[in-house]
Structure formats: structure tokens, C-alpha cells
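As given, the protein sequences belong to chains A and B, one line each in that order.
Following numbering that gives the first Met the number 0, the numbering of the first sequence begins with 0 at its first residue and continues without gaps.
Following numbering that gives the first Met the number 0, the numbering of the second sequence begins with 0 at its first residue and continues without gaps.
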Amino acid sequence: MPKALTDWFAGRYTAPTNVQEIAWRRTLRGENTLILAPTGSGKTLAAFFSVLARLGADASRGTLPNATLAVYVTPLRALGRDIERNLAEPLAALNATLPPRDQIRMEIRTGDTSTKDRSRMARRRPHLLLTTPESLSSLLSQKSWLDGLSPHVVIVDEIHAFAENKRGALLGLSLERLETRAPGAFQRIGLSATASPASAIAQLLCGHRHCAIVQDSVRRTHRLDLHAPDHLPAAGYDPGRIARAAVETLAGAQSTIAFCSTRSASERLGAALAYLLPDDESRIGVHHSSIERGERELLEERLSRGEMKCVVCSTSLELGVDYAGVDQVLLVGTPRGVSRALQRLGRSGHRSGQMAYGRLLPLSLPDLLEAIAMREAVRAGALETLRVPESPLDVLAQVLLGMAVERRWEIGAALALVRRAGPYLNLPAADFQDVLTYLAGGGQVLARYGKIVVEDGHFTVASPKIARDYFHGIGCISEDFRVKILTKNNRRLGDVEEQFLASLRPGEAFLMAGKVVEVERLAPGVAIVKPSNSDRVQTPRWMGGKMPLSSRMAEEEIRLRRTLREAFSAGGRPACEQVLRDVFKVPANLAAMAAGFVERQSAAAPIPIDSPVQIERVRRARQQVLMVHSVSGRAINQSLAWVAAWRLAPGESVVSNSNDHGFLLSLNARVDIDETSLRAALAPTGFMNDLETVLRATDTLGRKFRNVAETGQLIPKRSYKGPANTKYSSWNGTLLYQTLMTYEPNHVLVRETVREVLEDLLDAPHALTEAKRLHAAPWEWFDHPRPSPFALPLFAAFNRDVLLAGDPLRAFDEMAAQVYAEWDPHRAV
Amino acid sequence: MRFDPSGGLWLDDGPTLILADLHLGYAWAQRRRGSLGPVVEGGSQQRLWQLVDSLRPRRVVLLGDIVHAPRPSPDERATIQQTLQGLADRAELICVMGNHDRAFPSDFPAFPAVSEWRSPGVLALHGDRLPDGPEPGVATVVGHFHPAIRIKTASGASHRLKAFLQGGELVVLPAFSPFAAGTDMRRDMPPELRAWFGALPVRALVTDGQRLLPVSLTPRPPL
């Protein structure tokens, strides 16, 4: 243990934190260690201390080679910069005691690294390399880098952020490749927020190898309060009211991070806050992933200096360094999951002695009930179960190609390596072989221009050109056409999707990074904008995925609904109010609102719960709409809706829609549906087959397929070429998919798309479980003249397409309000 | 002059069938460029031969982008050769060159290629180089632009359907190739066509392979 390091630590801190102590006991012994701790617990040093100690020891013995010995991997480039800052001090302390030729070097290497810096790193290798999974994957195929790679340890940060998507698969395979470069023992250290089950994270990090799991026993206290505007609509939401309520929450805090559900919503709220708080306008900012990095960095710096009153974001500030000045988190709308809510809450209160504090602003009456359930869930602290994608074949194709670029591989050795990676432990050998055959060109009779050459039980890359092209296509995130937004001074604001720009009419402006701008002219891939005074301002829509309700949250919601249903049947509205105040600790004004909502619903039917299952039907003119109330999350409800629709009326057109709380089916009124036929439509027998059949008929698979095809190296990544140039140089995504479905329906990438949609997107296994439950449970069936209040959100969203109105959002709310009013039990008839 | 749901233009003079943008060899060409997509012929050969067998024109004009890429691989060359020969066996075959056909004369010398074709009242060329404007009394027929219209159905699904465009003495044929998705003329009409049409009315007819339907070129206002 280098004295310089311990001296530095002692000088800087009075004592190690709890998590540092328990972590060091493992890491200093060279054990694989997973450190579960919220941010602000001294995580960085918990992970790095042993690494710095070893580097320091080697350096003082003069045995530090010109090679990379330690690798740090983070999901966010920004995190890399912050780690660099945090480590600069202890490194400087070590280096101060070392001769000039034995200095420890640390460098960041990501997609942003300049060519100049890259060349420098090639000559003078960083001993400690900070990078991202995509960059790591790229480096592992570059011979020039591999020569200088002799790692004995890897640290993976925010590993929970990788776990549930394909970046985790890429990471897992890269860790195995990295280990093959280790001259001796190879240690893996992981940092993660608390997640459940921790063993899933440990498996992602270490595969079958032993991994010590270390958990911070110091529980950070957190508190989540509910806050609402004076009026909540029955469906949809009112941005003006939300903004005014948000302003109220900002008053008592120094610095707030506000989380919205989408990037568009964050732009809207940011603009509204700036408008409502003109004196604080310069201290309000908008932060999301489509905003230019430079702009985001400026905001982050100001946030860490405590200069910002409020930064509004979607998810971009969920991960990352702690901002000491932030004393409050505002959740605008209930977040989709307890883990997410806890993670967001944890972004506040990092000054010593403070707790994590947040306020939840529900957007509507249904959202209010969810917010109450969320608060219960947060209090209980129980988390969602992680689901790691199982052996994704598109990522495998990408990595096998990368390995082929790296060198010639013996097939058996490559298979063994892949199967050591956590996400691929159960990879069938046949799937591995299929991917190789696909990469080799398809294995059909004649020479087919493959990317790899397979012969004599070995494979390698087919040509230098393919090797060069490979480096452009690394990564898993595929987006629709993006257009860069530049000001006239060439300052980049961020990017928007090409479809959005195409939808703007002349004279219409839009919000970007908190500014109102108008397009001045377009060039390929770029839109030059100028500030605008237009009163017609649109908010860009970015196609981010919306997370469905987690099963944990569903349990809490059902529990709340059951309690309220019993309370109402026992003592009506006052009983509900009382139980909300006493048992759920809801403030009086919100309890009154929620109880009023319950009363309004009860005029139609008792609150829908899990058993009996509530079905409601509304007949209008020639249509009948059936709604099944199932609090299972959108993914499961989507699956149920599709299968039911397909089974109920073969040959008829059935339109379905679903959300977190149920699904609806709209069909011709003359189709005879009753409890028997609807139950049969939810029968578990043949459910999975039918789901796959329906899936193949919709365009969901086609849309997903393009991402899979790009990740899987079938087609290059798309880039926007401007509206005039429409001759795409590669396959059209839909046509490619249709051609494969006709000629090669069992293609590896088609199989992967089906797997991804069924397992990761639709949660098909759990949908089957829910179908089984619905099929067997008792039902209560109601025929209504109009949708019940609890059905309104789903019904109103469904009708959005047919509304004819100048402002669709307002018309939607008006319609919902109208229907809601008609259920008023006190209304004169 | 008559539009055929196959995407072809029928002229009574001949009679002649004009087809545009076959892009034969498309899938092979993509492979040669480095994609790993399927290598399939796509059914063009059968469709072409059956179409000519049923309509029985005396003359077939292929209006450019007959092949997709130069220097075909052996099976690609053999298939294209066979397809074109089958057409030549059934009718007089005229090959008008397009921007993808620069090597056509050397790759397929058996089929003489020209840069444009004329018939009384008709000038047919590929369309990558449009004349400045119409000749008096002459309808200009082109391919090249792969016109299509995106239609949204009641259930929310949307499809891009191939379309004919007609306006200002210009006829634009849709692409015959099954691998041409088409460009939505409501959203992305190329400036060259816009310049030609100017303020004149433009007629659009979509085809699903069986029927033709007129549609408006101005999209409904978005909600």
C-alpha cells in the first residue's frame, strides 16, 4: 500500500465510509466484487482504491510498463470526465512521489476523443483507461491497441444501466475478450445502484465466476411528498397548471432537478418555468440527450456550482456525478418504476446530513392514485426484478465480426469465450453456428460475399475494407434520422428527428434546448435556425421508449384500489378520504381530490381490482368497445390485446389499444361477444403461438427489425441525407424485412427480432401468466352508456385519432372532462 | 396512353408497353456493396414475362435503371441475361439507359441500348436528365423518381403505394422493381419535378398491383 496514497486519503477524509471499508476488504485481495451503493456514498474510491494502490506500488518499484493495466467502463461519456476529475487528486498525490519516467498515466478514450489525443495515447499508453462499452469494443479489434493491453482489473460503473438492454450484452462479451488479454489474474469490480436481484448484476459482470456482493448497510433516508395543482383533470394533463404547480415546489428549495417523462415534456416545462419565473430565467435550464453535449456540459457545471434554480430533464440526469447543491428532486408525473423513482430521488441531498428529498406532481386524477401507490412503494423500498435480454444474436454477430477483425479464431475457442459472458451462458451452439454462417454470407450454394471467411474450423475477416467498415457500425443504439440543429454562428444546439422537421409548417417555430427557434434553411443532415418570435411553437417529438409499469408498482396500485373499494362500499366518500389520510398519509387536499375521483367512478362501477376482473362495454352506433381492466403494465396488456383481438373476430377488423391499466378492443357492434367468448379469447392454451402469429402480421416486427439489422451488421447505420436526396444506398428497412420473411423466415436476425419483441418488449412469458389468471378469475361485467372514469385515459387516447380539432390536446381534455362530468352522481338529471 | 396496374404505360402505337426502373440484380448488388441481406431475384423475371404474355405488346421499352449495378457476378449476370432474353423473345425490346446503366452496353452487349426513344407524340427517357420543358405536342415519359404515396389506414398502419404522376405533359412511371420502396411524393417531391410541374395540376394514381386509384397530392392536415 503506497504511503502517498494512504497519506492523501487521511489528509482528505476523516475515515473511510462504510461501503469503502467493506469493499476494500474484497478488492484489495483481488476478488471479483460487486459494490451496491447509491451515489454519494464514496463509491468511486470504494472501487478505485485497490487499483490506485497497485498502480502506485508497481510504479514505485519501477515496474510500470508502457501498457494499459486497468480499464474503467461507464455508460455515459460525461461520467468518464467526472471520474477523471475525482481521480486527478489521488493520482497527483501518487505521482508527486514518483520519478518523471515512472508517472502513472490516466486517459479518457471515447467516440469524442480527438485524433491528436488518440495518437498520443498510442505512443504513451494510459495505465488507467476510462472508456465506454462501444469504444472498448472498438479498441479490442485494433491490433495497435491490443499490443499495449495487459489488464489486471476492470471497473464497470453504473452497471444497472446496462443490465436491461443490449449494451449489457455488448459489455459482457467485451469483458470476456478483455480477459483474454490479461497476462495473469483478472479482477472485475462493478458499481451499481441497488438492484434486484443483485445476483443478476453479478452474473452480468462475472458470468459463472465467483463474485462477492457488497452492500452499503447505511441506508440513506429519503422522503417523497405529494404535491398537486388545485385541479386535476380526469385524463390527459394540463401543461399550464402543471407548470404553475411546479413553480410552487421550486419556492422552498435552493436547487431542483425536475424529471419529466419525455424530452418533449422537459422542453415544454422548461420553457413554461422560464416564462413564469422571469427573474430566475437564466437559472432555469433544459437537459436531455438530444441537446448538444457542450450545452449540457455548461448546464452540468452550473448545476455543480449551485447556480441553477431548476434543471428540467427527461432521464439524462438520472445517472452521474453528485451535484452537491441539489436539495430537491421534482418528479413530474409518476415515474415508471420504484427503482427509477429511488434512483431519481437519490440525485438530491448530497450535502452531509441531508436526506434525499423529492416531490411528486401527479398529472391527472388517475395519475394521483398511481402517485399514492408509488409513494407507498418508495417507502417500502422494494424494487423491480431485473430482466436481462437472453443471448441477443444481433450483438453476437457484431462482436463475432469484431473478433474476426481482431485476428483468426478457432471456432471452438470463440464459442467457449462467448459462453463465459453473463448474457450468453445459455447460448445454444446451433445459434452460434447460425450467426457464423450468416456472417460468412448465408451458407447457400454459391459464393455469397460474406463478411467473414470460415474454413478449417477457423474464421477471420473477409477483407480489409470490411474491417474498416466494421468500425463505423459499432454499438446498439439505432435512431431514426437525426438532423443537427445549428445556429447561424455554427453553434450546435442538439438534434431533432427528421420527421418532426418535415411536419413543421412555414412560420412555425419549435423549442430546442429551451430556446424558441425557426428553421432558416436546410442542408443535408443539418438545419440552420434563427431565434423566432412566432406564436406557433411546436415541441419536437423524440422517439424514446416509454417504460411500462413494473409488476412491483402494479402490486401497490392494486392494493390501494382494493383498500379504496372496500372503504367506499363501507362508508362512501368520507371513508375513502379518511383511509387516504390515516393509512396512506396523503395530505388533506389531495385526499379530497382522490376520494372525489373514487366517488365519480363508483357511480359507474366499483373501482376495478384484480379479482373480480372488471370488464366494461360501451356501445355507440355501429361500434362496440370492450375494456378489460388489468393493472399489469402496458407490455403485458399489449400482448393480451393482440391475442384477444385476433381470436375474437377472425376476418373482422378489431382495433385494439392498451396502457398500463388495461386494454380495449373495438369492433363491429353486430359481432356477438359475451363473457364466454371473451374468456375463451384469453385462454392460455396456444397463447404464445397466437401472439407470435399476430406479431408477424403487425408492423412492430418490421420496425424493430431495422435496429436489429443495423446492430447485427446486415446493413450499415442510416444517416440523414436531406429531403431532396431520397435514393437510399442500402435496403429499405420494411422491404428488407418483408423479403426475409418471404425467403428466409428463420434468419438469425429475424429470430432475434421476434425474441426481442416477445421477451424484452412484450414480456410474453408474464403475459401468458396474466392470461391464465384472467381466464380463470371471476369477472364482473358492466354495460355503460359511456366509458367509466377509470377507463377514460385508455378510451380518450384511443379516440385521439378521430378528433377533429385545431388543438388536439385541448379537444382531448375537453372530451374527457365532458364524459367525466356526466358521471357526477350529484348532477341534476 | 393508358396506365397499367403493373406500373407500366401502354401506348396504342405498336402497341408498346413501357416499364421503368427494373433494377435487375438489386439484391446481388447490395451484397457486393457490403450488406449481408438476402440474395434473391424477387420474382421480377416471372412477373415481366407473365405481364408481356397477358398484354401482348409488340414492343417493350425498358425506361432506364434496367440493372442496379455494373459488373455483375456470374449468377447475377446469368439471371439478368435470361430475363432480358425472355423479353426479347416475346417482343421487340428497346433498352433506354438510366443512371444505373452506365456499364450496361459492356455488361450486356447482346441488348443494344439507347439514350431515349421516340414515337409519335411521345418522348421516353430515363429522367435523370430532364429536358428544360415539354416539346410542343409531345408527352414526355420518364421513370427514375420512383413515385409513391403514403396511405394511412383506419387502424393506423401506413403503406407506401407506388404511383403514377401526370401533369404538364410529363408522365412519371413508378419503379417496377419489388425492391424500390418509392419516394412519397406528398412529402418529398424532388425539386426537378416541382420545377417542371410548377403551378399546373398534377394527377396521381396509386396502384396495388391490381387496381388504380386516384389520390390527391396534397396531404390532409395533420391532427
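For glycine and all other residues, C-beta sits at the position ideal for the given N, C-alpha and C.
At a beta-carbon threshold of 8 Å, the residues of chain B lying near G441 of chain A are L35, P37, V38, ordered along the chain. Just so you know, the alpha carbons of A553 of chain A and V171 of chain B end up roughly 56 Å apart. Contact check for A19 of chain B and G142 of chain B: beta-carbon distance about 3 Å, within the 8 Å limit, so the pair qualifies. About 6 Å separates the beta carbon of V387 of chain A from that of P422 of chain A, a gap short enough to meet the 8 Å contact definition.
Not one beta carbon of chain B lies nearer than 8 Å to the beta carbon of Q613 of chain A. At a cut-off of 8 Å between beta carbons, W641 of chain A makes no contact with chain B. For I451 of chain A, there are no neighbours in chain B by C-beta distance under 9 Å, as the nearest C-beta there is about 10 Å away.
Neighbours of Q29 of chain B across chain A, judged by C-beta separation under 7 Å: S729, W730. Annotated as proximal: P173 of chain B and T206 of chain B, with beta-carbon spacing under 8 Å. Taking A66 of chain A as the centre and dropping the five residues before and after it, the same chain places the C-beta of R124, H126, G147, L148, S149 closer than 8 Å to its C-beta, in chain order. Boundaries of the beta strand (DSSP E) harbouring G493 of chain A: 491 to 496, taken from the DSSP string. Here D433 of chain A carries a helix assignment [DSSP, helix/strand/coil].
Its chain contains F107, A109 as the residues whose beta carbon lies nearer than 8 Å to that of Q80 of chain B, once the 5 sequence neighbours on both sides are disregarded; these appear in chain order.
DSSP lists A:L127 as the beta-bridge partner residues of M105 of chain A.
Linking A123 of chain B to W195 of chain B through their CA atoms gives a straight-line distance of about 16 Å. Three or more beta-carbon pairs separated by less than 8 Å are not found between the stretch 161 to 179 of chain A and the stretch 100 to 108 of chain A, which leaves the two stretches without contact.
Shown in chain order are the members of the stretch 170 to 195 of chain B whose Cβ falls below 7 Å from a Cβ of chain A: F178, A180, T182, R186, D187, P189, P190. Runs of the beta strand (DSSP E) lying entirely within the stretch 26 to 88 of chain B, each at least 3 residues long, are 58 to 62 in chain order. Using a Cβ-Cβ cut-off of 7 Å, D468 of chain A is close to G33 of chain B, given in chain order. For W7 of chain A, the secondary structure class from DSSP, reduced to helix, strand or coil, is helix. Interface flag for L647 of chain A against chain B is unset, since no Cβ pair is found closer than 8 Å. Chain order gives no chain B residues near Y736 of chain A, where near means a beta carbon separation below 7 Å; the closest approach is about 10 Å. Given a length threshold of 4 residues, each whole run of the alpha helix (DSSP H) inside the stretch 399 to 427 of chain A is given here in chain order: 410 to 417. Among the CB atoms of chain B, none fall inside 8 Å of the CB of I188 of chain A.
Membership of H783 of chain A in the beta strand (DSSP E) is indicated by the continuous run 778 to 783. Every alpha helix (DSSP H) stretch that sits fully inside the stretch 594 to 671 of chain A and reaches 4 residues is listed by chain position as 633 to 647. For T733 of chain A, at least one C-beta of chain B is nearer than 8 Å to its own C-beta. Under a 10 Å Cβ-count criterion, L35 of chain A is classified as buried, with 16 or more other Cβ atoms of the shown protein chains found around its own Cβ.
For D224 of chain A, the uninterrupted beta strand (DSSP E) segment begins and ends at 221 to 225.
Per the coordinates, the alpha-carbon of Q49 of chain B lies some 27 Å from the alpha-carbon of P744 of chain A. Out of B:D127, B:H158, B:L212, the CA that lies nearest to the CA of E191 of chain B is found in B:D127.
Under the 8 Å criterion on CB atoms, Y437 of chain A is classed as interfacial with respect to chain B. Close to I473 of chain A, with beta-carbon spacing below 8 Å, lies no residue of chain B; the smallest spacing is near 15 Å. Judged by DSSP in its simplified three-state form, I93 of chain B adopts strand. With fewer than 16 other Cβ atoms inside 10 Å of its own Cβ, H825 of chain A counts as exposed.
Just so you know, the alpha carbons of R295 of chain A and S533 of chain A end up roughly 26 Å apart.
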